[in-house]
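Before any comments, here is the structure.
Residue numbers (this note's numbering): -3 to 222.
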């Protein structure tokens, strides 16, 4: 079983491939409103808990910031998907991640390096946006396109001002912080935008990256606690 959400479904094989065999306990931080990987983890035999202030209701979720979550015992595995780039204090969050894991425990991180989202990459994405359905909220890339055009700024200036306003951490800073606390097993750059684009697969985005048409915005990282 893989998640129904296109992004989760595409990333799930990587996440699953980095975990030790079930049954072990896996905490997912930042599982979001749809529950993240928790359903797939449970279906694969893991003891999984998702932590997010906007997590679904149910016994497998905790509606709380992960910085405030206290598990009953140290964990064998933690999955952090698109949650670290917007924590309030990156170093504190990474210290807590390390404290959650037993020695030898596995950390799997899926992240976005917003600083790699240059104008060429943005234009490539904008050209592949479908029109929003009538009455539907525009997606995050639609909103960026509209706000940038309204701002009158160069793309780099617009993006940096937005990231500063949102308090986003650089992908490079996240990787440095992770490597300072964990023993890296794997770190790769790759596609990030395909799930929000019309008729664009992960493979097609990867092909554009390989051809030098756009930059790789996605980060997939796995490590163990020493």
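Glycine residues also receive a C-beta, built at the ideal position from the N, C-alpha and C atoms.
Who does residue 180 pair with in a DSSP beta bridge?
219
Determine the closest residue to residue 166 out of 110, 10, 84 and 105, with distance taken between C-alpha atoms.
110
Let's test the definition: count the other Cβ atoms within 10 Å of the Cβ of residue 74 and tell me whether it reaches 16, buried, or not, exposed.
buried
From the DSSP secondary-structure annotation, give me the bridge partner or partners of residue 152.
In DSSP, residue 152 forms no bridge with anything.
Identify whether residue 207 lies in helix, strand or coil by the three-state DSSP scheme.
coil
Residue 170 - DSSP class collapsed to helix/strand/coil
helix
Rounded separation between residue 38 and residue 92 - CA only
24 Å
Tell me the residue span of the beta strand (DSSP E) that contains residue 24.
21 to 25
Based on Cα-Cα distance, which residue from 61, 222 and 34 lies nearest to residue 55?
34
Spell out the partners DSSP gives residue 58 in its beta bridges.
47
Once you ignore the five residues that flank residue 1 on each side, which residues in its own chain have a CB closer than 7 Å to its CB?
30
Using only CA atoms, which one of 158, 192 and 95 lies nearest to residue 174?
95
Note the first and the last residue of the continuous alpha helix (DSSP H) segment covering residue 28.
Where residue 28 is concerned, there is no enclosing alpha helix (DSSP H), given that its DSSP letter is neither H nor E.
Counted within 10 angstroms of its Cβ, other Cβ atoms place residue 98 as buried (16 or more) or exposed:
exposed
Looking at residue 90 and residue 193, is the spacing between their C-beta atoms short of 8 Å?
no
What are the uninterrupted segments assigned as beta strand (DSSP E) that are 3 or more residues long and contained completely in the region 58 to 130, given in chain order?
71 to 77 and 97 to 108
Check for me: the alpha helix (DSSP H) holding residue 37 runs from which residue to which?
34 to 39
Beta-carbon gap between residue 155 and residue 217 smaller than 8 Å:
no
Whose CA, out of 52, 86 and 162, lies closest to the CA of residue 63?
86
Distance between residue 149 and residue 22 (C-alpha atoms, nearest Å)
44 Å
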